[in-house]
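Here the structure comes first, spelled out in structure tokens, and everything after it is commentary.
Printed below as a string of structure tokens:
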């Protein structure tokens, strides 16, 4: 069993704290994605698991063994780097086999493992090439192959797809998903691309400023983000926000209104909220409808007609700009006034502390 | 396995501090220790076996004895002439050798090769070529009706003749440094300037010259320091003569060493060190500051 | 119009370069071929009698095969000091570039100082004598290493900066122990700059005159540059032998130049820009 446990993990450089006490449990075979904006500490956290960074405080357990001071080679991990970090002076074959060679694996065993990995990645014909003779996608596969050969309990990926072009990235994403299914190993994957996170992860860990914001399945994070940060970070295009005031509370229902929105009734966890409180209302661009009797109105400032849907930037009365994605093709003029409604009450309320007030 | 409290760790020991050790020991013992020792021994009358502290006497001598003062002046003149000529000729040659000229590869090789040749060999060869009556240079000059000077035997000319030979040997280095600098200038600038109506001469002054500034800084610094330290060429060609007319500090250091005046010789080392520090440090600071403004 | 001008410039450049840079070498070769009497005229004439081979034999055998001893000494000096230089400078350059410590500032200062400060001659002799290294070939080897380390370190450091640190880390994850990272990953990748280092420093040390003059005096200790000096002072009139000697000691740099011109130029310009 190669689960991981992070207990109050901290990392500081001098007085600067970059990881502020992370607790996390990862069970065997899970595909976990660390996601967050650049500088949130996700790569640092991964590198601490790999053993490339010291752990300032807290405990790291891998497969039931405390690993704070274990050498990287003894942690049962393999890592795929953003730059691939292929050894330029070695062939693909030697790149695959370097770790085994260092571990003094017998030559025949080494050869079998290298060829197995090459077969999985369908690159047997490339084994004699040097990295400089490979395309970007092929280099990426060598990097993955080098990890597979070591048969690690845990795979670590540090933004592995960010150097590929868009089309290749989609292909590799699917291949990684297949690989995870076939190998069944634990995988930890760092990315700033939330589409990668949503499509690959069993479990997403959203980080910001060295603090875990939320841990959950992709759909959980999308449907029930715990706070403003997660709500804004997960989902593309981004969620729209506006400040509103609570007009009345009636059990699990609140009525809110604000500069940009007529009184609207929504369901929410109202514990501790009072009439007159200022809260934030958030709604996703896909959850807005063109509705002549809708509660929201604004002026069209930009239209992108994609055929199957239409992206509209709407300038609201408060000056805020919302993005709206409308079904089908719409012919809208710049400056035109547009009325919107919220589909099925799909809006969220966030209290003054930024915490989401979902119905229990 | 590492002990839990130790700070020793894979990442750190990948870049072990002891990698500095072999280099540090050799450099420290054979370069730094003598350098610091020289500060003391330059204040002594010294015979290697015993030394007698005599204060600044050696240094007074350096600024009073006419032949020592001349060596000091010669050193600065030599460094200024050689570095100045290397900058000007190096840049011109580099411009020429990056243009579309015939036999460019041959020309670059021919200019650079003397850099790799033995300095003493070059010195001896030119001593012969500069012979006042039989030397090829004056024989050639005579053919066109010029009475060639006594290059190395005229006391007021010897230093300059040696400086010319130094330029002959070293200009190739300046040229390749400039070539490296010139090829790094994007072609776009020249094309943009041409569209703006710039003539080749204007392009040279407004684009090539300012943008090859880093190379200029390198050439000046290198050849100026090299010029101040020059010993082997002077020794091979004139031994500092005639008289003391082409002595530099480096040749004085050797002469005093041979004569057994170890304290005075070491004082020469300190004077040379101070001279380099006084001239080169402000020079590089000036050059680099100007660079920062552009 | 511009075609004419370009050709005109080419012709002038080729002529001038021939007179200035090629003729001195032709003079060396011609004089080396002449007999004693004709060479003493110091003129630029065609040899009446070609005796290059006799001159070479003469030069090599004279003074009890001194030139041969000198070539052996110079070869040992060059090979040994360049080997040490390459290994020690690569080690320093690697750690200096990779690890930020409070020593870095001091080390960088010492490197610049080493490039600028003239070595203190007599105190060095005094020290070498105290250590029993004076007038010893291995003493001079260490001296050459000490004096040329700063430049080699600069070359290595600049090159190591272009090798991504990710490679080190990938190797660590692959199970490389500290020395594996340096010897199996970094050193092989340093090969181009190592070649440059070897070539540039070999030529410099082979051509060195001053340091052998001071630190390696004595019969049987001559390096090739000092044989010239000896010829110049002892056989004042044997110009044919003097120039044969010059010709012989110019051959090693010429060979290096023919095969490694690119690396030399890379070395002197890269190091120069940094220094």
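Residue numbers (my numbering), protein chains in the order written: chain A, 1 to 360; chain B, 1001 to 1294; chain C, 2001 to 2275.
Quick reminder that beta carbons are idealized off the backbone N, C-alpha and C, glycines included.
| request: Between the Cα of residue 314 (chain A) and those of A:337, A:294 and A:328, spot the shortest distance and give me the residue it belongs to. | output: Start at 1 with the first residue of the first chain, and residue 314 (chain A) comes out as number 314. A:337 is the residue among A:337, A:294 and A:328 whose C-alpha sits nearest the C-alpha of residue 314 (chain A).
| Backbone secondary structure at residue 157 (chain A) - three-state DSSP | Here residue 157 (chain A) refers to the residue found at position 157 when the first chain is read from its first residue. Correct three-state label for residue 157 (chain A): strand.
| Cα-Cα, which of A:90, A:61, A:72 and A:298 is closest to residue 2173 (chain C)? | One-based indexing of the third chain puts residue 2173 (chain C) at position 173. Ranking A:90, A:61, A:72 and A:298 by CA distance to the CA of residue 2173 (chain C) puts A:72 first.
| said: Contact between the segment 108-123 of chain A and the segment 148-164 of chain A is defined here as three or more beta-carbon pairs at a separation below 8 Å; is this criterion met? | reply: Taking a contact to require three or more Cβ pairs closer than 8 Å, the segment 108-123 of chain A and the segment 148-164 of chain A qualify as touching.
| said: Measuring CB atoms only, is the segment 206-223 of chain A touching the segment 169-176 of chain A, in the sense that at least three cross pairs come out at less than 8 Å? | reply: Judged by Cβ distances under 8 Å, the segment 206-223 of chain A makes no contact with the segment 169-176 of chain A, as fewer than three pairs qualify.
| Does the beta carbon of residue 2032 (chain C) sit closer than 9 Å to a beta carbon anywhere in chain A? | Mapped onto the third chain, residue 2032 (chain C) falls at position 32. For residue 2032 (chain C), no CB of chain A lies under 9 Å from its own CB, so it is not counted at the interface with that chain.
| task | Tell me, please, which residues DSSP counts as bridged to residue 348 (chain A). | result | Indexing the first chain from 1 puts residue 348 (chain A) at position 348. DSSP, once it has assigned bridges, lists A:282 as partnering residue 348 (chain A).
| Helix, strand or coil: which one does DSSP assign to residue 1051 (chain B)? | Position 51 of the second chain, counted from the start, is the residue given in the question as residue 1051 (chain B). Per DSSP, reduced to three states, the secondary structure at residue 1051 (chain B) is strand.
| Among the residues of its own chain, which have a CB less than 7 Å from the CB of residue 140 (chain A), if the five just before and after it don't count? | As a first step, residue 140 (chain A) is located in the first chain; it is residue number 140 there, counting from the start. Around residue 140 (chain A): 84, 160, 164 and 172.
| Can the beta-carbon of residue 1071 (chain B) be found less than 9 Å from the beta-carbon of residue 1261 (chain B)? | Mapped onto the second chain, residue 1071 (chain B) falls at position 71. Mapped onto the second chain, residue 1261 (chain B) falls at position 261. Judged by their CB atoms, residue 1071 (chain B) and residue 1261 (chain B) are not nearer to each other than the 9 Å cut-off.
| said: Quick check on this structure: which residue in A:238, A:62 and A:220 has the alpha carbon closest to the alpha carbon of residue 154 (chain A)? | reply: The residue given as residue 154 (chain A) occupies position 154 in the first chain. With distances taken between Cα atoms, residue 154 (chain A) lies closest to A:62.
| query | Listing by chain order, which chain C residues have their CB less than 9 Å from the CB of residue 1041 (chain B)? | reply | Stepping through the second chain from its first residue, residue 1041 (chain B) is reached at position 41. Neighbours of residue 1041 (chain B) across chain C, judged by C-beta separation under 9 Å: 2120, 2122, 2123 and 2126.
| query | Do you know how far the Cα of residue 2069 (chain C) is from the Cα of residue 2057 (chain C)? | reply | Here residue 2057 (chain C) is taken as the residue at index 57 of the third chain, counted from 1. Here residue 2069 (chain C) is taken as the residue at index 69 of the third chain, counted from 1. Those two C-alpha atoms are separated by around 14 Å.
| task | Kindly indicate the opening and closing residues of the alpha helix (DSSP H) around residue 97 (chain A). | result | Walking along the first chain from the start, residue 97 (chain A) turns up at place 97. In the DSSP assignment, residue 97 (chain A) falls within the unbroken alpha helix (DSSP H) covering 92-102.
| task | Within 10 angstroms of the Cβ of residue 225 (chain A), are there 16 or more other Cβ atoms? Answer buried if so, exposed if not. | result | Taking the first chain and counting its residues from 1, one reaches residue 225 (chain A) at position 225. Burial state of residue 225 (chain A) is buried, judged by a 10 Å Cβ sphere holding 16 or more other Cβ atoms.
| request: Please check if any C-beta of chain C sits within less than 9 Å of the C-beta of residue 179 (chain A). | output: Here residue 179 (chain A) corresponds to residue number 179 of the first chain, with the count starting at 1. Not an interface residue.
| query | Is DSSP giving residue 1202 (chain B) helix, strand or coil here? | reply | Working through the second chain from its first residue, we reach residue 1202 (chain B) at position 202. Here residue 1202 (chain B) sits in helix by DSSP.
| query | Does DSSP put residue 173 (chain A) in a helix, a strand or coil? | reply | The sequence position of residue 173 (chain A) within the first chain is 173, counting from 1. Looking at residue 173 (chain A) - three-state DSSP - the assignment turns out to be helix.
| said: For a minimum of 3 consecutive residues, which ranges assigned as the beta strand (DSSP E) are wholly contained in the segment 1040-1094 of chain B? | reply: Within the segment 1040-1094 of chain B, the complete beta strand (DSSP E) runs of at least 3 residues are 1044-1046 and 1051-1053.
| task | Under 7 Å between beta-carbons, which chain C residues line up against residue 83 (chain A)? List them in chain order, please. | result | Counting from one through the first chain, the residue named residue 83 (chain A) turns up at place 83. Below the 7 Å Cβ cutoff, chain C contributes 2164 and 2166 as neighbours of residue 83 (chain A), in chain order.
| query | Residues of chain C with a CB under 8 Å from the CB of residue 34 (chain A): which are they? | reply | In the first chain, the residue the question calls residue 34 (chain A) occupies position 34. Per Cβ cutoff of 8 Å: no residues; residue 34 (chain A) is ~18 Å from chain C at best.
| Just to confirm, are residue 254 (chain A) and residue 33 (chain A) a CB contact at a threshold of 9 Å? | What you label residue 254 (chain A) is simply residue 254 of the first chain in a count that begins at 1. What you label residue 33 (chain A) is simply residue 33 of the first chain in a count that begins at 1. Note that the C-beta distance between residue 254 (chain A) and residue 33 (chain A) is not below 9 Å.
| message | Check for me: the beta strand (DSSP E) holding residue 1189 (chain B) runs from which residue to which? | response | What you label residue 1189 (chain B) is simply residue 189 of the second chain in a count that begins at 1. Where residue 1189 (chain B) is concerned, there is no enclosing beta strand (DSSP E), although the alpha helix (DSSP H) it sits in stretches over 1187-1195.
| query | Leaving out the 5 sequence neighbours to the left and right, which residues in its chain are closer than 7 Å to residue 113 (chain A) when beta-carbon positions are compared? | reply | As a first step, residue 113 (chain A) is located in the first chain; it is residue number 113 there, counting from the start. 100 and 149.
| How big is the Cα-Cα spacing for residue 210 (chain A) and residue 57 (chain A)? | Along the first chain, read from residue 1 onward, the residue named residue 210 (chain A) stands at position 210. Along the first chain, read from residue 1 onward, the residue named residue 57 (chain A) stands at position 57. If you take the alpha carbons of residue 210 (chain A) and residue 57 (chain A), they lie about 14 Å apart.
| message | Is residue 1010 (chain B) close to chain C? Criterion is C-beta to C-beta, closer than 9 Å. | response | Locating residue 1010 (chain B) in the second chain gives position 10, where the first residue counts as 1. Confidence at residue 1010 (chain B) is low in this model, with a pLDDT of 45, below 50, so the placement of that residue should be treated as unreliable; the coordinate-derived value is given next. Yes, because at least one Cβ of chain C sits closer than 9 Å to the Cβ of residue 1010 (chain B).
| query | Do the segment 2006-2014 of chain C and the segment 1267-1284 of chain B touch if we need at least three Cβ pairs shorter than 8 Å? | reply | Too few Cβ pairs lie closer than 8 Å, so no.
| Can you list, in chain order, the residues of the segment 2176-2210 of chain C whose Cβ is nearer than 9 Å to any Cβ on chain A? | Answer in chain order: 2176, 2177, 2180, 2184, 2185, 2188, 2189 and 2191.
| request: Measure the alpha-carbon distance for residue 270 (chain A) versus residue 261 (chain A) and round it to whole angstroms. | output: For the purposes of this step, residue 270 (chain A) is identified with residue 270 of the first chain, where counting begins at 1. For the purposes of this step, residue 261 (chain A) is identified with residue 261 of the first chain, where counting begins at 1. Taking the straight line joining both Cα atoms gives about 20 Å.
| field | Exposure label - residue 178 (chain A); buried when at least 16 CB within 10 Å | value | Working through the first chain from its first residue, we reach residue 178 (chain A) at position 178. It counts as exposed.
| message | Between residue 2148 (chain C) and residue 2201 (chain C), how many whole angstroms is the CB-CB distance? I'm expecting something under 8 Å. | response | Taking the third chain and counting its residues from 1, the one referred to as residue 2148 (chain C) is at position 148. Taking the third chain and counting its residues from 1, the one referred to as residue 2201 (chain C) is at position 201. Sure, about 6 Å apart at Cβ, within 8 Å.
| Listing by chain order, which chain B residues have their CB less than 9 Å from the CB of residue 2259 (chain C)? | In the third chain, the residue the question calls residue 2259 (chain C) occupies position 259. In chain order: nothing, as chain B lies at least about 12 Å away.
| Cβ atoms of residue 1075 (chain B) and residue 1264 (chain B): under 9 Å apart, would you say? | The residue given as residue 1264 (chain B) occupies position 264 in the second chain. The residue given as residue 1075 (chain B) occupies position 75 in the second chain. The answer is no: Cβ separation not under 9 Å.
| query | Can you list, in chain order, the residues of the segment 83-111 of chain A whose Cβ is nearer than 7 Å to any Cβ on chain C? | reply | Against chain C - using a Cβ distance shorter than 7 Å - the residues of the segment 83-111 of chain A are 83, 85, 87, 88, 89, 98, 99, 102 and 103.
| field | Reduced DSSP secondary structure (H/G/I, E/B, other) of residue 13 (chain A) | value | Residue mapping note: residue 13 (chain A) aligns to position 13 of the first chain, counting from 1. In the three-state reduction of the DSSP assignment, residue 13 (chain A) falls in the strand class.
| request: Consult DSSP for residue 1113 (chain B) and reduce its assignment to one of helix, strand or coil. | output: Here residue 1113 (chain B) refers to the residue found at position 113 when the second chain is read from its first residue. Correct three-state label for residue 1113 (chain B): helix.
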